[in-house]
Amino acid sequence: MLVISSFIILVPPFLLAVAVDEFIPLNNLTGIGILCLVLIGVGITGAFVSYLLKYWTDYIGRVIIREIRLELFIHVNRFSFGFFDETRTGDIISRIISDSQQVMNFLTNSLINLLRNVVLLIGILLIMITWNIYFFLIVLLLFPLILINLYLYVKKVTPSNRLTMEINSKLTSATHNTLGGLREVKLYAREEYVGDIFNKLNQEYYDAVKISTKYQAFYQPFIPLIVSLSTSLIILFGGLAIINGSFSIGILIASLGYFAMLTKPLSSITTFVSAANLAKIATKRIFAILDKVPKISDSAEAIELKKLDGKIEYKNVNFHYNEKNKILSNINLTIKPGEVVAFVGPSGVGKTTMLHLLPRFYDVVDGEICIDDINIKHIKLNSLRKKVGISMQDIFLFDGSIRENIVFGREDATIEQIQNAARIAQLDEFISSLPDNYDTIIGERGVKLSGGQAQRLTLARVLVTDPKILILDEPTANVDAATDERLINAVKRAMKGRSTLIIAHRLWTIYHADKIVVLRDGNIEAIGTHDDLIQNSSFYQEFFATQFSRNIGNIQKKSDKDLQGTENNRRAI
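Quick look at the structure:
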């Protein structure tokens, strides 16, 4: 189709030459009429072929961009937390959306146009060499001048194109951060501040694009100028040939028509080079992601976890995010099946990190972590993470319904399991009060919920998966006083029969843990019950007095009956 489309364009000037040389001098109206009908037929055929070419190139382009974006998205999801710690979210979004669009634009527009113009150019050259060798040589003289022009253009425009794409990534990141933290922006009245940041990046982007546009505007007119100079030579040599009787007027007119056709394809070379340059940079940025090997993945011998008791062991575990700052040193800890272990210590001592190592959000630097005597590196990631339920303070909810958020980790959950998870999380009464119940849309990041409601919804999402191991970063931290006691009891019931690792921020956690792990400067300072540690650990005594003394008056030790909960609730999940 591409070849047919190009050669159809070559037909009208040739027919014009025939009309001028053969039919008009002889007053052959029949011949002229036939030529007109042929031209109409050529026009209709050209339009149909152009339609097919446009349709299929756009279709192929949509398939290409779909596959590129899907491959990028899937690959990005394979990365561990470490990758996202070091990479801006906006930069990732820019590569998935904008860079893939640049590649598609090049393949479906610029490249196709170039190929069509190359075929057109070859056709014109063949016609020129057939009609007049001088015309052919004039066309050949164009190319060195055009190549010099393109070389200078590419040399100038490449740095500005690269800068444009980098600034676009920063601009995307700034937009993402501002919209994600819009409430904080308004809370602190920082609209002007974030506006200034955006304006600065937007101006940088504008300046970078302006430079690229300036170079394109400067170099692109040279090609039509060169073609115009060459056209004057065609007229000169053609006119002399006609005067000498060795050339016809029709051939000269057709030759000028073909030369006029050269202006568009030759001028489009600059546009093609610019698009190719952008696509090259975009492709490098895309493959910079695709070529990265995920640091955490399934080993060849990785197995599926079937039955799980819940025994957890940290054996000589060391971890750091970078070699200069060690987070955990020589951690040794055993957690029995069904045991509740509270982690306490000052901020930054590695409590959250220690819990993040268990589902392999990060991998240990040295040592090993075992579940039921199996090194977690020998367990398939999906299998491991389905057995570990996590509810952290930094919660995330998806823009969808309450039901969709609860079943996110377990798509096959029945309505009974969903309702039971909500009941244990003390969310059922609130959901029942809503007009759409479980189908209520909660907004992006759960914006339509209170902090406590969002916290309880994430807890329900964990419970519906029926994990054998629970990781909790104080799930009652964001609830109101009226809900606090009910949710505490609900969490206790949820912990029943499950190995639970919980970061302690409240007194009830301290008092109801089977043992407490005290962390200090990345090391385990002490392990024991609250009573043991109060008597034997001066560091814990000081930490407890500082951290919890203001809440001492609110301590209420519950009887063993409060710890029971219903086994039926747990099993129903």
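First residue of the sequence shown: 8, per this note's numbering; consecutive thereafter.
Glycine residues also receive a C-beta, built at the ideal position from the N, C-alpha and C atoms.
Using a threshold of 8 Å, state whether the C-beta atoms of isoleucine 342 and serine 506 are closer than that. yes
Nearest by alpha-carbon distance to leucine 22: which of Phe86, Gly257, Ile383 is it? With distances taken between CA atoms, leucine 22 lies nearest to Gly257 out of Phe86, Gly257, Ile383.
When we look at the beta-carbon of proline 366 and count the other beta-carbons within 10 Å, is it buried (16 or more) or exposed? buried
Tyrosine 328 - DSSP class collapsed to helix/strand/coil: Three-state DSSP puts tyrosine 328 in a strand.
Return the Cβ separation of phenylalanine 143 and isoleucine 136 in integer angstroms, given the expectation that the two are a contact with Cβ distance under 8 Å. Rounded to the nearest angstrom, the Cβ distance from phenylalanine 143 to isoleucine 136 is 4 Å, consistent with a contact under 8 Å.
How would you call phenylalanine 91, buried or exposed, if buried means at least 16 neighbouring beta carbons within 10 angstroms? Under a 10 Å Cβ-count criterion, phenylalanine 91 is classified as exposed, with fewer than 16 other Cβ atoms of the shown protein chains found around its own Cβ.
Three Cβ pairs or more, each shorter than 8 Å: is that satisfied between the stretch 350-359 and the stretch 522-533? yes
Sorted by chain position, which residues of the same chain lie with C-beta nearer than 6 Å to valine 216's C-beta, five sequence neighbours on each side aside? So the qualifying residues of the chain are Thr171.
Ranges of the alpha helix (DSSP H) found wholly within the stretch 86-160, counting only runs of at least 4: 88-93, 96-101, 107-112, 118-138
Are the Cβ atoms of alanine 432 and alanine 461 separated by less than 8 Å? No, Cβ-Cβ distance for alanine 432 and alanine 461 is not below 8 Å.
Backbone secondary structure at alanine 533 - three-state DSSP: strand
To the nearest angstrom, how far is it from the Cα of leucine 159 to the Cα of lysine 177? Their Cα atoms are separated by approximately 29 Å.
According to DSSP, simplified to helix, strand and coil, what is arginine 527? Arginine 527 falls in the strand class under three-state DSSP.
Can you tell me whether valine 300 is buried or exposed, with buried defined as 16 or more other CB within 10 angstroms of its CB? Answer is exposed; the Cβ neighbour count stays below 16.
So, with DSSP's three-state summary, where would you put isoleucine 16? helix
Measure the alpha-carbon distance for serine 275 versus leucine 121 and round it to whole angstroms. 8 Å
Could you check where the beta strand (DSSP E) with threonine 507 kicks off and where it finishes? 506-510
For glutamate 411, which three-state DSSP category applies? Note: glutamate 411 maps to helix in three-state DSSP.
Below 8 Å on the Cβ atoms is my guess for alanine 295 versus phenylalanine 113; work out the distance and round it to an integer in Å. The Cβ separation is near 18 Å, so there is no contact.
For a test of your reading of the model: does the CB of phenylalanine 14 fall under 7 Å from any non-hydrogen atom of the ligand ATP? Yes or no. For the ligand ATP, the structure offers nothing, since it holds no ligand at all.
Once the 5 residues before and after glycine 53 are set aside, which same chain residues still bring their CB inside 8 Å of it? Ser12, Ile15, Ile16
List the residues that DSSP assigns as beta-bridge partners of leucine 335. Phe326
Relative to the C-alpha of serine 239, which residue among Ala429, Val146, Leu388, Leu118 is closest? Val146
Output the distance between the C-alpha atoms of isoleucine 249 and arginine 123, rounded to the nearest integer angstrom. 33 Å
Taking histidine 82 and leucine 297 to be in contact with their CB atoms under 8 Å, please state how far apart those CB atoms are, rounded to whole angstroms. 6 Å
Cα-Cα separation between histidine 363 and leucine 340, rounded to whole angstroms: 15 Å
Nearest candidate by alpha-carbon position, reference phenylalanine 244, set Asn427, Tyr222, Leu259: Leu259
Return the chain-ordered list of same chain residues with a C-beta closer than 6 Å to the C-beta of lysine 318, the five sequence neighbours on each side being excluded. Taking lysine 318 as the centre and dropping the five residues before and after it, the same chain places the C-beta of Pro344, Asp379 closer than 6 Å to its C-beta, in chain order.
Glutamine 554 versus Arg513, Lys522, Ile531, Ser390, residue with shortest Cα-Cα distance: Comparing Cα positions, the closest option is Arg513.
If we ignore side chains and look at the alpha-carbon of each, how far apart do asparagine 427 and serine 336 end up? For asparagine 427 and serine 336, the distance between alpha carbons rounds to 41 Å.
Bridge partner(s) assigned by DSSP for glycine 396: Glycine 396 has Leu477 as its beta-bridge partners, per DSSP.
Which residue's Cα is closest to the Cα of aspartate 65: Asn34, Thr96, Val110? Val110
On the three-pair Cβ rule with 8 Å, is the stretch 436-454 touching the stretch 408-419? Yes, since at least three Cβ pairs between the stretch 436-454 and the stretch 408-419 fall closer than 8 Å, the two stretches touch.
Along the beta strand (DSSP E) that carries phenylalanine 403, what are the first and last residues, could you check? Unbroken run through phenylalanine 403: none, as it is neither H nor E.
So valine 280 and valine 161 are in contact, right, with Cβ under 8 Å, and what is the actual spacing, rounded? 6 Å
Just the Cα atoms here: how many angstroms apart are isoleucine 559 and alanine 501? Note that isoleucine 559 has pLDDT 49, beneath the 50 cutoff, so the model's placement of it is unreliable and the number below is only indicative. Computed Cα separation, rounded: 25 Å.
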